[in-house]
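See structure below.
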Amino acid sequence: MRILSVEQLCKAFGGLKAINNLDFHVDEGEIVGIIGPNGSGKTTALNLITGFLKPNTGKVIFQGEDITGLPRYKINNKGIARTFQLCKPFLDFTALQNVMVGRVYGQDPCANMKLAASESEEILDKVGLLSKAQIMVKDLTVMERKRLELARALATKPDMLLLDELMAGLNLAEADDVCQLISRIRDTRVTIIMVEHIVKAVTCISNRIIVLNMGEKIAEGPPEEIIRHPKVIEVYLGKSHA
Amino acid sequence: MLNLEKIDVFYKELQALWEISLDVNEGEIIALIGPNGAGKTTTLNTISGLLKPAKGDIRFQGKSIVKEPVNKIVELGISQVPESGKIFAGMSVYENLELGAFVPKARKEKKQSLERVYEIFPRLSERQNQQAGTLSGGERQMLAIGRALMSKPGLLMLDEPSFGLAPILVEQMFEMIKKINQQGVTILLVEQNIQAALDLAHRAYLLENGRIVGQGTAEDLLSFESVRSSYLG
């Protein structure tokens, strides 16, 4: 079942074509990786899908419905959640309160605070942060903040989750832990798109990888094909990965 | 060149570093590796004077610098590149570099330093009038390193220079670090890309929970089973 289609998407910043005629789709239950050089349009693509930017032309179809250009909270209410490259939690809230914000405002919002709190605790448990529920976020470590970023997005009950460089700054062993967590989330029927530079992580977890360069898709396919693709090696992977 | 002797550092009541001792010899590239939260950045911040140790001594070129303020430490020849660059986004590339040469000693040689930075990072020369906030991730990192070089440091401390960079840029970044080292700058490197860091470094220290738990040549560390399983996945 197709969950997302991106059709002929274009976005220019002044004279710069950040995204140029981008076409791709994602099926339900997939993990799709997006890779590409810095400045190739990966984050812009996520911003266009989630309503943080409006495209100049083209369409975003989610679960059969045209959601192009809708405000971001509406897109979130329809079942798309995201994380940010630089985590943006409420620093003076506890971990639990941060997750509750998602639960109170997301898809199927919950106005009963007691219920929202108990459901948010379940989500913290799922990402391995339950013991930190009452800790102020400013006192959490980098790894814990990454887990919290995931929990906050999950609290909005998404059908699809977009991850923007969640693993930046992690070593390979730490990235492995996050990979396992992402797989478990996928197993709870959440489709995943992840932008990532840690090639080992993205290749071992993705069903399919899309490669962007200068705003255009230059390759798409299963990970084992992508890492051998000459153009991808030239513009992105470099010799040491070939 | 640099000696840390049994440094203890606290954040309020929380002890972050426990008796850290390490040496950096002139001309070396030293890597500091370990998991997130181990105290790597805290160590750099303590050397540069942003944090003051509760106990222990730090000597640079034979003299204790542990009581010196940050600006004095820069003047003595230690420069730090913070994680994710922290450039002045609203200023031009040139203005960012100019600020790097603020200390009196470096100010006199600003012109030569600028030429040297542009030679190492030609991209910065092409973009010298561009607003720094519009640079790509790789260019920002180059600018942050360039700015640090403008103070003419003998010791350059780099905090995760590969953060958020595409693999091909990581490769180029490490080539540039090697080049800077070959020009006579000693380097202390904190890095999560452990394979790349150990390929580059002469020696490395492994930090866990605020303590040094291993040290040796890069080959030594790569052969530790615990390093392989805990950091290389």
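First to last, the protein sequences are chains A and B. Okay, so the first sequence: first residue is 29 according to this note's numbering, each after it adds one. Okay, so the second sequence: first residue is 504 according to this note's numbering, each after it adds one. Built from N, CA and C at the ideal position, the CB exists for glycine as well. Everything numeric in this text was worked out from a predicted model, so none of it was measured.
- Within the stretch 171–257 of chain A, the complete alpha helix (DSSP H) runs of at least 4 residues fall at 200–215, 227–233 and 251–254.
- Interface residue (Cβ-Cβ distance to chain B less than 8 Å): E193 (chain A) is classified as such.
- Interface annotation, T169 (chain A): in contact with chain B, CB-CB separation under 8 Å.
- Within chain B, the residues P670 have their CB atoms less than 8 Å from the CB of V227 (chain A), given in chain order.
- Among the residues of the stretch 633–652 of chain B, those with a Cβ less than 7 Å away from any Cβ of chain A are S639, G640 and G641, in the order of the chain.
- A Cβ-Cβ distance of about 18 Å is found for the pair I523 (chain B) and A700 (chain B), leaving them out of contact under the 8 Å criterion.
- Neighbours of Y734 (chain B) in chain A, taken as residues at a C-beta separation under 8 Å, are given in chain order as N199, L200 and A201.
- Contact with chain B is found for L265 (chain A), since one of that chain's Cβ atoms lies less than 8 Å from the residue's Cβ.
- Rounded to whole angstroms, the gap between the alpha carbons of E252 (chain A) and E622 (chain B) is 38 Å.
- It is roughly 14 Å from the alpha-carbon of K558 (chain B) to the alpha-carbon of R714 (chain B).
- In the structure shown, R562 (chain B) adopts extended strand secondary structure according to DSSP, grouped into three states.
- Ranked by how close their Cα comes to the Cα of Y514 (chain B), the residues A:R256, A:L178, A:D167 and A:I226 have A:D167 in first place.
- Counting every other CB atom within 10 Å of its CB across the protein chains shown gives S211 (chain A) a total below 16, marking it as exposed.
- Considering only beta carbons, the part of the stretch 673–701 of chain B lying closer than 7 Å to chain A consists of E674, Q695 and I697, in chain order.
- Bounds of the alpha helix (DSSP H) holding I103 (chain A) are R100 to N105.
- If you look at A700 (chain B), you'll find it in the alpha helix (DSSP H) that goes I697 to L703.
- Looking at the DSSP output, C38 (chain A) sits in a beta bridge with A:T85.
- Taking the beta carbon of P538 (chain B) as reference, the chain A residues within 7 Å of it are N199 and E202, listed in sequence order.
- V573 (chain B) is classed as exposed because its beta carbon has fewer than 16 other beta carbons within 10 Å across all chains shown.
- When C-beta distances to chain B are compared with 7 Å, every residue of the stretch 81–110 of chain A stays at or above that value.
- Taken through DSSP and simplified to helix, strand or coil, I590 (chain B) comes out as coil.
- Proximity of N140 (chain A) to chain B, defined by a Cβ-Cβ separation below 8 Å, is not satisfied.
- Among the residues of chain A, none has a CB under 9 Å from the CB of G593 (chain B); the nearest is roughly 18 Å distant.
- With respect to the 8 Å criterion, R131 (chain A) and A144 (chain A) are classified as neighbours on the basis of their beta carbons.
- T637 (chain B) carries a helical assignment under DSSP once its states are collapsed to helix, strand and coil.
- By the rule that beta-carbons nearer than 8 Å mark a contact, G559 (chain B) does not touch chain A.
- Under the Cβ criterion of 8 Å, N49 (chain A) is not counted among the residues facing chain B.
- For P117 (chain A), no chain B residue has a C-beta closer than 9 Å to its own C-beta; the minimum C-beta separation is roughly 16 Å.
- Among the residues facing chain A, F513 (chain B) is not included, as its CB has no counterpart in that chain under 8 Å away.
- Contact annotation for F666 (chain B) against chain A: A196 and G197 [CB-CB distance below 7 Å, chain order].
- The Cβ of E711 (chain B) sits no closer than 8 Å to any Cβ of chain A.
- Residue A:G107 holds the alpha-carbon nearest to the alpha-carbon of D136 (chain A) among A:G107, A:E177 and A:G79.
- The three-state secondary structure of M504 (chain B), taken from DSSP, is coil.
- Between L190 (chain A) and R110 (chain A), the C-beta spacing is below 8 Å.
- For E663 (chain B), the residues of chain A that pass the 8 Å Cβ criterion are G197, in the order they occur in the chain.
- Looking at the backbone, the Cα of A201 (chain A) and that of I581 (chain B) are separated by about 32 Å.
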